[in-house]
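Numbering (the numbering used here), first residue to last: 1 to 519.
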């Protein structure tokens, strides 16, 4: 059912009568086929996620959500604005604060959301949702909200015919009457209700779930702070040929997630440091260093961006080719940097033409970041095993363990997409699982379709232990399974199982000469 709303004639009066004697004006209506329970589910979701209707908004912070009863004594830091409508029973009171993306431009807005029900003798049921912004004049309304006293969504449904309608009404301020701009906004709001309601009625199930690992508010608040601090100067100074807006906002979002993740992981502990493998333009390293986290990054080829960052980044971005220790020849092993001289922890390390190879071994516990690292993506959980370190990998382009382009095999898991990207994510997750990681997945809120983060911070079995894990995340398997996730030999076997790494060294050295990735 396509969305083609019918305009309700302007002279037509509203049936809505509230105890404040506000005037309500019907604007648009549209037929629908979803029942009241779906309408309520959709409306509550839209209340919780106003960003669905406006890309100027981050989210809504819910200050109050409670069933209504007399007397209504629920405590809230933001007092609700209660209003009763003739013939309707008030069922639920919600108070939210809408949080803008750019607090320098738009202010947050408090709003009371009221959910009502009404049953008619004809078999029809009506559900009413009222938005009452906490403003007293249209000029107090932020850009992302229509300058009106109130918004009403009415859903009418007949239980026998299974037919219904949805409509939208405004309560206008006398100083801000009906206008084409306000009408367009009303159509947009009604369209969202129709789209989500019809989708749920057709059996649509949301596949992408954000904010699984960390609270939405904490990450977004940190992102807003980082954006205000770094975005403008970084975009103005951009020297790469890639889109500065995309890369700056993307890496600010990733940095915000890492900062909040580390705050949780290392609460009361010493931060162990990070390494960004395949760091590309080095922006993420720069941001994290400026935020006070010690670490470093390297890539097969230096980028022009490295020269424009501050002193910390210049000291901690290095041109190195990673050839994992478990596939190095004896000759190469004598020339490569090891964890004994890991940068930047040994600032006196001197590099020559023969020491531009890193063996992928880092000080135990170093947090490994693999941000769109392409060839290094499937190696990330393996390198994390070899250094006994946690990691976060954000897959992008699909490469085999030998560094060549390939399409990862489709997942056999029911309900999982067989797209090239979903297959890559599933394949890397499977490698991580066989390395002994309990892999967590988060869909990052960044301006990229390659936004799946795989986090390895917990183990299904302990590192290199010969004893069965008795309660530290283990599953009670045998000693043999425990040893499987330990040493170099086991990782070599796993690499062979997943196609081997023949040709990696040659491909890696070519990459040093030809890399053009923005990251």
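By construction, the Cβ of each residue, glycine as well, lies at the ideal position given by its N, Cα and C atoms.
Grab the span of the alpha helix (DSSP H) containing residue i for me, first residue to last.
| i | result |
| --- | --- |
| residue 247 | 244-265 |
| residue 39 | 36-48 |
| residue 456 | Note, residue 456: premise wrong, no alpha helix (DSSP H); beta strand (DSSP E) at 452-459. |
| residue 369 | No alpha helix (DSSP H) holds residue 369; the beta strand (DSSP E) holding it covers 367-371. |
| residue 222 | 216-226 |
| residue 213 | That residue, residue 213, is in no alpha helix (DSSP H); it is neither H nor E in DSSP. |
| residue 364 | Looking at the DSSP string, residue 364 is not in any alpha helix (DSSP H), and its letter there is neither H nor E. |
| residue 415 | Careful: residue 415 lies outside any alpha helix (DSSP H) and carries neither H nor E. |
| residue 375 | Element bounds for residue 375: n/a, residue is neither H nor E. |
| residue 420 | 420-434 |
| residue 232 | 232-236 |
With DSSP as the reference, label residue i as helix, strand or coil.
| i | result |
| --- | --- |
| residue 488 | helix |
| residue 118 | strand |
| residue 106 | coil |
| residue 467 | Because the pLDDT of residue 467 is 34, which lies under 50, any placement of that residue in the model is unreliable, and the number read from its coordinates should be weighed accordingly. If DSSP states are grouped into helix, strand and coil, residue 467 belongs with coil. |
| residue 153 | strand |
| residue 441 | strand |
| residue 16 | coil |
| residue 399 | strand |
| residue 6 | strand |
| residue 503 | coil |
| residue 138 | helix |
| residue 405 | strand |
| residue 51 | helix |
| residue 112 | strand |
| residue 446 | coil |
| residue 353 | Bear in mind that the predicted position of residue 353 carries a pLDDT of just 42, short of 50, making it too unreliable to give a figure here. |
Give me the Cβ distance between residue i and residue j, rounded to the nearest whole Å; I'm assuming they're in contact under 8 Å.
| i | j | result |
| --- | --- | --- |
| residue 268 | residue 324 | At roughly 33 Å, the Cβ-Cβ gap does not stay under 8 Å, so residue 268 and residue 324 are not in contact. |
| residue 283 | residue 247 | 6 Å |
| residue 423 | residue 454 | Not really, about 14 Å apart at Cβ, beyond 8 Å. |
| residue 150 | residue 171 | 4 Å |
| residue 503 | residue 402 | 5 Å |
| residue 253 | residue 446 | 4 Å |
| residue 312 | residue 289 | 4 Å |
| residue 189 | residue 166 | In fact, because the Cβ distance is near 10 Å, the residues do not count as touching under 8 Å. |
| residue 520 | residue 418 | The requested residue 520 does not occur in the structure, where the chain is confined to residues 1 to 519. |
| residue 390 | residue 456 | 6 Å |
| residue 367 | residue 274 | 4 Å |
| residue 185 | residue 233 | Not quite, the Cβ-Cβ distance comes to about 34 Å (not below 8 Å), so this is no contact. |
| residue 399 | residue 407 | Wrong, their Cβ atoms sit about 10 Å apart, outside the cutoff. |
Is residue i close to chain D? Criterion is C-beta to C-beta, closer than 8 Å.
| i | result |
| --- | --- |
| residue 256 | Absent here is chain D; the protein component of the structure consists of one chain. |
Identify the continuous beta strand (DSSP E) that holds residue i and give its terminal residues.
| i | result |
| --- | --- |
| residue 133 | 124-133 |
| residue 93 | 89-100 |
| residue 31 | 25-32 |
| residue 393 | 391-394 |
Write down every uninterrupted run of the beta strand (DSSP E) in the region 155-204 whose length is 3 residues or greater and which is fully enclosed by it, in chain order.
Runs found: 163-171.
At 3 residues or longer, and completely inside the region 56-84: list those beta strand (DSSP E) runs for me, N to C.
57-67
Quick check: the region 362-372 against the region 234-241, are there 3 or more CB pairs under 8 Å?
no
Counting only runs of 3+ residues fully inside the region 268-347, write out the beta strand (DSSP E) ranges in chain order.
Entirely contained in the region 268-347, the beta strand (DSSP E) runs reaching 3 residues are, in chain order, 274-277, 295-299 and 317-319.
So, does the region 107-114 touch the region 87-94, judging by three or more C-beta pairs under 8 Å?
yes
Are the region 378-393 and the region 421-438 in contact at 8 Å, needing three or more beta carbon pairs?
Result yes; three or more Cβ-Cβ pairs closer than 8 Å.
contact_flag[the region 288-295, the region 254-264] where n(CB pairs < 8 Å) is 3 or more
yes
Is there contact between the region 28-39 and the region 148-157, where contact requires at least three CB pairs shorter than 8 Å?
yes
Would you check if there are 3 or more beta carbon pairs closer than 8 Å linking the region 406-413 to the region 440-449?
no
Can we say the region 3-15 touches the region 131-144, given the rule of at least three CB pairs closer than 8 Å?
no
Do the region 212-228 and the region 53-71 touch if we need at least three Cβ pairs shorter than 8 Å?
Taking 8 Å as the limit for Cβ pairs, the verdict is that the region 53-71 does touch the region 212-228.
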